[in-house]
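One structure below.
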Amino acid sequence: MNKRALVIGLLYCIAVIAFKLFILLGGYTLTRFGFYYSNIVGVFAIIPFFVIAVYVVREKDFGGIISGKDAVRMSLTVLAVAAIVVSVYNYIEFDWKYRDIAVEYYNSPEYMKILEDIKAKNPGKVTMPLPDIIKAQIGDLSAGKATTGKLFPLILIGLSGAFVTAMFMKRGSKKA
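In the numbering used here, the protein residues as written are 33 to 208.
Structure below.
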């Protein structure tokens with residue numbers, strides 16, 4: 033494992049955790065951006081760190097020439113560090129704050145209106161009383177499920193981003 037790629041992976045983790053803390057502690061969690069888009073923005077933020085890792089390792093360790101295999105290895109190192117550290121943070125964050133935020137959201141008038149609209153659009157399919165649906169959803173809250181739900185897009189975007197970055201950033205030998 034290349035130390036430069038490891039450090040760049042840790043820098044990504046610091047940046048994403050700072051972004052997530054800004055959303056959480058700033059009170060933006062239940063805003064449109066905070067609720068729908070903040071996680072995917074944090075996931076796509078890994079791509080510039082792939083580029084930086086491959087560039088730095090290529091220039092400093094490999095003398096300006098890096099194979100596609102080594103470029104993929106550097107990107108996957110960044111991804112592995114990100115997956116582990118950010119997943120641990122997501123787990124801690126869920127138990128620390130998000131469980132209470134989810135309970136607050138499920139008991140809000142906005143969510144009750146959403147359920148009523150769903151029930152009105154599908155009269156025969158929704159048979160449970162709405163308070164029972166809310167209790168079931170609150171009972172199903174799990175830090176593991178939440179962490180896995182946030183890890184899956186990181187792995188999906190991270191793997192494809194790692195290979196695309198390696199393809200564009202590799203440089204072969206300069207034979208004339």
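For glycine and all other residues, C-beta sits at the position ideal for the given N, C-alpha and C.
Residue burial classification, residue i (beta-carbon count within 10 angstroms, cutoff 16)
{"i": "R90", "result": "buried"}
{"i": "F81", "result": "buried"}
{"i": "E142", "result": "exposed"}
{"i": "N122", "result": "buried"}
{"i": "G58", "result": "exposed"}
{"i": "G95", "result": "exposed"}
{"i": "T159", "result": "exposed"}
{"i": "E148", "result": "exposed"}
{"i": "A152", "result": "exposed"}
{"i": "V113", "result": "buried"}
{"i": "D164", "result": "exposed"}
{"i": "V48", "result": "buried"}
{"i": "T180", "result": "exposed"}
{"i": "I98", "result": "buried"}
From the options, residue whose alpha carbon lies closest to that of residue i
{"i": "F54", "options": "A37, G74, R36", "result": "G74"}
{"i": "M199", "options": "I40, I133, F76, G100", "result": "G100"}
{"i": "A168", "options": "M33, A134, T63, V48", "result": "A134"}
{"i": "K92", "options": "A37, D164, K177", "result": "A37"}
{"i": "D102", "options": "G176, S192, M33, P185", "result": "M33"}
{"i": "K145", "options": "K129, I166, E125", "result": "I166"}
{"i": "L173", "options": "K157, E136, R131", "result": "R131"}
{"i": "A175", "options": "V110, L56, K129", "result": "K129"}
Pairwise C-alpha distance: residue j and residue i
{"i": "K202", "j": "P155", "result": "57 Å"}
{"i": "A50", "j": "Y44", "result": "10 Å"}
{"i": "K35", "j": "L42", "result": "10 Å"}
{"i": "F67", "j": "T61", "result": "6 Å"}
{"i": "G190", "j": "L183", "result": "10 Å"}
{"i": "R64", "j": "L188", "result": "24 Å"}
{"i": "N139", "j": "A77", "result": "33 Å"}
{"i": "I79", "j": "G193", "result": "6 Å"}
{"i": "V86", "j": "S70", "result": "26 Å"}
{"i": "P185", "j": "S119", "result": "12 Å"}
For residue i, the first and last residue of its enclosing alpha helix (DSSP H)
{"i": "G193", "result": "175 to 201"}
{"i": "Y130", "result": "Here Y130 belongs to no alpha helix (DSSP H), and DSSP marks it neither H nor E."}
{"i": "S119", "result": "100 to 125"}
{"i": "G74", "result": "70 to 76"}
{"i": "I40", "result": "35 to 57"}
{"i": "Y143", "result": "141 to 153"}
{"i": "L162", "result": "162 to 171"}
Can you confirm whether the segment 185 to 204 touches the segment 95 to 115 when touching is taken to mean that 3 or more C-beta pairs between the two stretches lie within less than 8 Å? Touching, per the Cβ criterion.
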